[in-house]
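Read the structure below first, then the notes.
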Amino acid sequence: MPEHVIEIVDLCKSLGGKQVLNRLCLQVRRGETFVIIGRSGTGKSVTLKHIIGLMKPDSGTCTVFGTEMGKATRAEAETVRRRIGYLFQSGALLASMNVEDNVALPLREIERMPEDQVLRTVREKLDLVDLDKVELKMPSELSGGMRKRVGLARAISRNPELVLYDEPTSGLDPIGTAAIDELILSMKKKLKVTQIVVTHDMASARRIADRIGLLYDGRIYFTGTPADLDETTDVVVHQFVHGEVAGPMTEKSGETKRYRRQRPPTPPPAPPTPHPAPAPEKQDFPPPA
Ligand SMILES: Nc1ncnc2c1ncn2[C@@H]1O[C@H](COP(=O)(O)OP(=O)(O)OP(=O)(O)O)[C@@H](O)[C@H]1O
Ligand SMILES: [Mg+2]
2 MPEHVIEIVD LCKSLGGKQV LNRLCLQVRR GETFVIIGRS GTGKSVTLKH IIGLMKPDSG
62 TCTVFGTEMG KATRAEAETV RRRIGYLFQS GALLASMNVE DNVALPLREI ERMPEDQVLR
122 TVREKLDLVD LDKVELKMPS ELSGGMRKRV GLARAISRNP ELVLYDEPTS GLDPIGTAAI
182 DELILSMKKK LKVTQIVVTH DMASARRIAD RIGLLYDGRI YFTGTPADLD ETTDVVVHQF
242 VHGEVAGPMT EKSGETKRYR RQRPPTPPPA PPTPHPAPAP EKQDFPPPA
């Protein structure tokens, strides 16, 4: 068995006239949880779409379970996809189906499981994501966080060997976030699945990651353990991790200049003022004329 479940080499992809990925390289080891961080619009979701074969590289290769997804036939890509669970950024539930049918969809359509087993599996997966008595609800009746967890239940319904999570905790409160983090940790520990998690939440990334990769400038700019991330002196990594407005990331995109322009000029320091004169005592009645 190859050590790497995913091997991406020099992946280039332009979309809408913009070079989104530029010679991106990434290797994900069997059984590890690899977290991808990076600014909005840098190509994190696009990278996941190459792994699942929804997008094809302009050049370079993306090999998953030994199959090069860009060259795979439809049937070969489908064989790989059956081993992958994907939690879309939007949750991607079908609005016209209740929760039970949404989670059951891949079990009925792809696995062709007998109905009693489908219902048992749906119940088990909803338990795992901590949802109770929601089977008959429609997606529109759920909160954003609940919809996300239903999407997660569906992503893991077929016991995939590789799970891709696109922002699994965005829009969740801190307790909901911690519960999803626990789930991701237990998927690794109990089921030994390989996982890629895209997130903006640094606390969550530190909790769940074996390794973290920062996507910047069309490639994985930095890879390391959470401890490596904290210890590096790299200014780009430092800016992202600490969420600083000024730094090389925003300098390059022109945002720093914009930010400086938008800020009102700093007023000169006010001269020291003497203690204000004591306020006149409050009088309940006007003084006699
Ligand atoms: N189908 C598409 N057609 C044209 N442009 C696209 C398409 N999909 C993505 N893009 C562009 O590619 C870039 C990267 O998009 P992507 O969705 O991967 O960003 P992201 O890193 O996931 O951002 P976010 O953190 O906001 O989800 C963006 O500029 C986006 O507009
Ligand atoms: Mg995205």
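Just so we're on the same page, our numbering is the position in the sequence shown counted from 1, plus 1.
Built from N, CA and C at the ideal position, the CB exists for glycine as well.
Here the structure is a predicted model, which means the values were calculated and not measured.
For this session: Taking only heavy atoms of ligand 2 into account, decide whether any of them is closer than 7 angstroms to the Cβ of Lys45.
Result: Here residue 45 refers to the residue found at position 44 when the sequence shown is read from its first residue. True, at least one ligand heavy atom lies under 7 angstroms from that Cβ.
Exercise. Taking contact to mean at least 3 C-beta pairs separated by less than 8 angstroms, is the region 212–224 in contact with the region 27–36?
Worked result: yes
Exercise. Near Val6, what residues of its chain come up, given a Cβ to Cβ distance below 8 angstroms and the 5 sequence neighbours on each side ignored?
Worked result: Indexing the sequence shown from 1 puts residue 6 at position 5. Contacts found: Val29, Arg30, Arg31, Val65, Phe66, Glu162, Leu163, Thr195.
Exercise. Under the DSSP definition of a beta bridge, which residues are partnered with Ser60?
Worked result: Start at 1 with the first residue of the sequence shown, and residue 60 comes out as number 59. According to DSSP, Ser60 bridges with Cys13.
Exercise. Under 7 angstroms from any heavy atom of ligand 1, does the C-beta of Gln90 make it?
Worked result: By one-based count along the sequence shown, residue 90 stands at place 89. Using a cutoff of 7 angstroms, the CB of Gln90 counts as near ligand 1, since one of the ligand's heavy atoms is closer than that.
For this session: Examine ligand 2 and report whether any of its heavy atoms sits within less than 7 angstroms of the Cβ of Asp167.
Result: Here residue 167 refers to the residue found at position 166 of the sequence shown. Yes, the beta carbon of Asp167 sits closer than 7 angstroms to at least one heavy atom of ligand 2.
Exercise. Is it a yes or a no for the region 171–187 touching the region 6–26, going by three-plus beta-carbon pairs under 8 angstroms?
Worked result: no
For this session: Using the Cα positions of Arg207 and Leu186, report the straight-line distance between them to the nearest angstrom.
Result: Your numbering for residue 207 matches position 206 in the sequence shown. Your numbering for residue 186 matches position 185 in the sequence shown. Computed Cα separation, rounded: 12 angstroms.
Problem set entry | Coil, strand or helix - Lys72 by DSSP | Walking along the sequence shown from the start, residue 72 turns up at place 71. If DSSP states are grouped into helix, strand and coil, Lys72 belongs with coil.
For this session: Note down the Cα distance separating Val237 from Cys13, rounded to an integer number of angstroms.
Result: Stepping through the sequence shown from its first residue, residue 237 is reached at position 236. Stepping through the sequence shown from its first residue, residue 13 is reached at position 12. Approximately 22 angstroms, taken between the alpha carbons.
For this session: Consult DSSP for Val21 and reduce its assignment to one of helix, strand or coil.
Result: Mapped onto the sequence shown, residue 21 falls at position 20. Strand, per DSSP.
For this session: Measure the beta-carbon distance from Leu169 to Lys193 and round it to whole angstroms, keeping in mind my assumption that it falls under 8 angstroms.
Result: Locating residue 169 in the sequence shown gives position 168, counting from the first residue. Locating residue 193 in the sequence shown gives position 192, counting from the first residue. Inspection of the sequence shows that residue 169 is occupied by Pro rather than by Leu. The Cβ separation is near 19 angstroms, so there is no contact.
Exercise. Would you report the Cα separation of Asp11 and Ser60, rounded to the nearest angstrom?
Worked result: Here residue 11 refers to the residue found at position 10 when the sequence shown is read from its first residue. Here residue 60 refers to the residue found at position 59 when the sequence shown is read from its first residue. Taking the straight line from one Cα to the other gives about 7 angstroms.
Exercise. Should Leu137 go down as buried or exposed, given a rule of 16 or more other Cβ atoms within 10 Å for buried?
Worked result: By one-based count along the sequence shown, residue 137 stands at place 136. So Leu137 ends up on the exposed side.
Problem set entry | Helix, strand or coil at Ile213 [DSSP, three-state] | Here residue 213 corresponds to residue number 212 of the sequence shown, with the count starting at 1. In the structure shown, Ile213 falls within a strand segment according to DSSP collapsed to helix, strand and coil.
Problem set entry | Simplified DSSP state of Ile53, which is helix, strand or coil | Position 52 of the sequence shown, counted from the first residue, corresponds to residue 53. Coil.
Exercise. On the premise that Arg220 lies in contact with Leu88, defined as a C-beta separation below 8 angstroms, what is that separation, rounded to the nearest angstrom?
Worked result: The residue labelled residue 88 in the question sits at position 87 within the sequence shown. The residue labelled residue 220 in the question sits at position 219 within the sequence shown. In fact, because the Cβ distance is near 24 angstroms, the residues do not count as touching under 8 angstroms.
For this session: Quick one: give me the first and last residue of the beta strand (DSSP E) that Phe241 is part of.
Result: For this step, residue 241 is matched to residue 240 along the sequence shown. Looking at the DSSP string, Phe241 is not in any beta strand (DSSP E); the run it does join, the alpha helix (DSSP H), is 236–243.
For this session: Jot down the residue ranges of each uninterrupted beta strand (DSSP E) in the region 62–146, minimum 3 residues, whole runs only, in chain order.
Result: 85–88
For this session: Could you check the C-alpha separation between Asp229 and Glu79 for me, to the nearest Å?
Result: Along the sequence shown, one-based indexing puts residue 229 at 228. Along the sequence shown, one-based indexing puts residue 79 at 78. Going by the C-alpha atoms only, they are around 37 angstroms apart.
Problem set entry | Residues sharing a beta bridge with Gly32, DSSP | Indexing the sequence shown from 1 puts residue 32 at position 31. In DSSP, Gly32 forms no bridge with anything.
For this session: In angstroms with no decimal places, state the Cα-to-Cα distance between Asp167 and Glu8.
Result: Residue 167 sits at position 166 when you count from the first residue of the sequence shown. Residue 8 sits at position 7 when you count from the first residue of the sequence shown. Each residue's Cα considered, the two are about 19 angstroms apart.
For this session: Output yes or no for whether 8 angstroms exceeds the beta carbon distance between Leu27 and Leu165.
Result: The count along the sequence shown starts at 1 and reaches residue 27 at position 26. The count along the sequence shown starts at 1 and reaches residue 165 at position 164. It is not a contact, given that the beta carbons lie outside the stated cut-off.
Problem set entry | Beta-carbon proximity of Leu108 to Val100, cut-off 8 angstroms | Here residue 108 is taken as the residue at index 107 of the sequence shown, counted from 1. Here residue 100 is taken as the residue at index 99 of the sequence shown, counted from 1. It is not a contact, given that the beta carbons lie outside the stated cut-off.
Exercise. According to DSSP, is Glu4 helix, strand or coil?
Worked result: Within the sequence shown, numbered from 1, the residue matching residue 4 stands at position 3. It is coil, neither helix nor strand.
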